[in-house]
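All residue numbers for the sequence shown refer to full-length UniProt numbering, where the first residue is 1 and numbers rise by one. We put the beta carbon where it would ideally sit given N, CA and C, even for glycine. Please read the structure below before turning to the comments.
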Amino acid sequence: MQRCVSKMSRGWRRYLYLLMDDLDQGTYPLRRIDASTLFFPPHQKKIPSSTIETVEARLPQPCISFTPTPAGYGTGGLDFFTLFGVGGNKSLIAGSDVNGFTVMYDLDKRTLHCPLSLNEPKQHGPISLAVGDALYVMDRSPLPDSRCGFEALVYDPEQAKVTPDTQEWQWHRLPPPPYVLAPGHIPTPITGYTVVGGSSIWVSTPGIGTYSFDTSTGTWSKAGKWVLPFRGRADYFPEYNLWLGFSSKSSLLCSWDLSTAVKPSLHSSLEEDMLKSKSEGCTLKYSHLVHMGSGKFCVAKFFERVYYEPPPKGYRDYIWPQIERFAVFIGYEMDLIGPGGELRMRKHKSRRYMTNTTHGWVF
């Protein structure tokens with residue numbers, strides 16, 4: 001097995017990790033990407049962003065692959081969650097299949113943890129957040145008849161000492177957002193979510209508003225009738241005192257201030273424009289933001305392009321569609337400029353990887 005270690009270089013992470021669904025094999029290979037390929041050397045003169053071209057690159061070989069347990073139909077699938085762990089070292093990844101079977105892997109130690117199971121399998125594409133030492137996972141569209149659509153994976157080494165057969169990590173059931181239990185509730189996807197104040201989970205649903213879950217008390221409250229202005233997860237960065245994520249309107253990387261329980265306003269748009277790809281007619285499918293440390297970030301965007309080739313011989317009236325899928329990884333560096341501390345983003349290198357799917361996770 002190829003070494004798969006999360007090293008540091010001058011205070012920032014040396015490697016990115018890419019997990020994708022290998023449609024041909026039914027597996028989920030984990031690949032390690034050298035993050036230094038996305039950044040210019042410190043001594044190199046700054047290059048205008050408009051002159052930086054995207055370089056074609058090949059994906060490295062997988063260092064490990066995950067396989068879902070057999071399902072009642074097809075081969076099933078896996079959904080992976082955000083990085084989590086005990087203390088400051090968040091090096092664990094976890095994923096569950098349609099049966100609720102959970103696999104855990106430590107990126108630093110290159111070890112698999114003993115398998116465990118969710119109290120209830122989750123829908124495809126659940127949301128996940130790391131708060132303290134725990135991992136919180138919730139169905140993206142919570143259902144009123146679900147026994148356990150919201151759970152936390154909690155580390156409890158003392159319990160393992162008391163009961164030898166008990167593992168250190170255990171899934172715990174949590175109450176759903178209160179609006180889910182309201183009469184006549186129609187399941188609606190959560191569009192934005194984040195952690196506020198280090199212990200509160202905020203989730204937004206169009207037409208319903210934003211609700212807050214206090215992880216210390218296990219209770220829900222309503223934060224407001226407004227919805228969070230980002231798509232998917234946004235993360236808080238104390239060095240900037242801002243939340244970074246992708247705008248629900250423009251899909252660009254932006255920053256917001258959520259320190260007060262009022263409708264958040266845009267602080268700044270950090271990307272000048274939507275990524276221009278070499279291929280025309282591309283559709284952006286997913287975006288990921290990874291903090292590398294020391295002001296360095298990676299933005300990974302997954303695209304799909306449908307184009308048409310001449311029909312094969314004998315199919316004169318048939319237009320032959322082809323699908324091209326790829327991911328673009330871009331290195332960025334954040335700085336606070338001026339007396340007011342304006343957040344500026346400098347673009348470094350950009351690399352494009354051809355893929356067979358746009359469904360994946362970047363850590």
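Asked: Which of helix, strand or coil DSSP assigns to PRO321; Found: strand
Asked: Same chain only: Cβ atoms within 6 Å of LEU83, ignoring 5 sequence neighbours per side; Found: LYS90, PHE363
Asked: Beta-carbon contacts of VAL86 that lie in its chain and below 6 Å, excluding the five residues immediately before and after; Found: ASP133, TYR155
Asked: N- and C-terminal bounds of the beta strand (DSSP E) containing GLY224; Found: 219-224
Asked: Short Cβ contact (8 Å threshold) for PRO60 with ILE33; Found: yes
Asked: Alpha-carbon spacing of PRO115 relative to LEU336, whole angstroms; Found: 43 Å
Asked: Between the CA atoms of GLY360 and LYS285 - distance to the nearest angstrom; Found: 10 Å
Asked: Segment limits, beta strand (DSSP E) that includes LYS301; Found: 296-309
Asked: Under 8 Å between C-beta atoms of ALA223 and SER216; Found: no
Asked: For ALA234, the three-state DSSP class (helix, strand or coil); Found: strand
Asked: Cβ shell of PRO144 (< 7 Å), same chain only, five flanking positions each side left out; Found: VAL180, LEU181, HIS185
Asked: Alpha-carbon to alpha-carbon, PRO189 and ASN99; Found: 22 Å
Asked: Nonlocal neighbours in the same chain, by C-beta distance under 6 Å from GLU56, ignoring five residues either side; Found: ARG352
Asked: Delimiting residues of the beta strand (DSSP E) encompassing THR210; Found: 209-214
Asked: LEU19 - containing beta strand (DSSP E), residue span; Found: 15-20
Asked: Beta-carbon contacts of GLU151 that lie in its chain and below 7 Å, excluding the five residues immediately before and after; Found: LEU118, ASN119, VAL137, TRP171, HIS172, ARG173, LEU174
Asked: For GLN170, three-class secondary structure by DSSP; Found: strand
Asked: Close-in-space but distant-in-sequence residues of the same chain around GLY125 (CB under 6 Å, 5 per side omitted); Found: ARG140
Asked: Inter-stretch contact (C-beta, 8 Å, three-pair minimum) for the segment 283-299 and the segment 327-346; Found: yes
Asked: Given residue 371 as reference, the closest of LYS46, LYS109, SER65 once Cα atoms are compared; Found: Here the chain comprises residues numbered 1 to 363, so residue 371 is not present and cannot be evaluated.
Asked: Nearest candidate by alpha-carbon position, reference PRO264, set GLY192, MET345, LEU129; Found: GLY192
Asked: For ALA57, the residue or residues it bridges with in DSSP; Found: TYR353
Asked: For SER199, three-class secondary structure by DSSP; Found: coil
Asked: Alpha carbon of ALA327 to alpha carbon of CYS254, nearest angstrom; Found: 20 Å
Asked: Proximity of TRP343 and LEU242 at Cβ, strictly below 8 Å; Found: Looking at the sequence provided, one finds Leu at residue 343 rather than Trp. Yes. Within cutoff.
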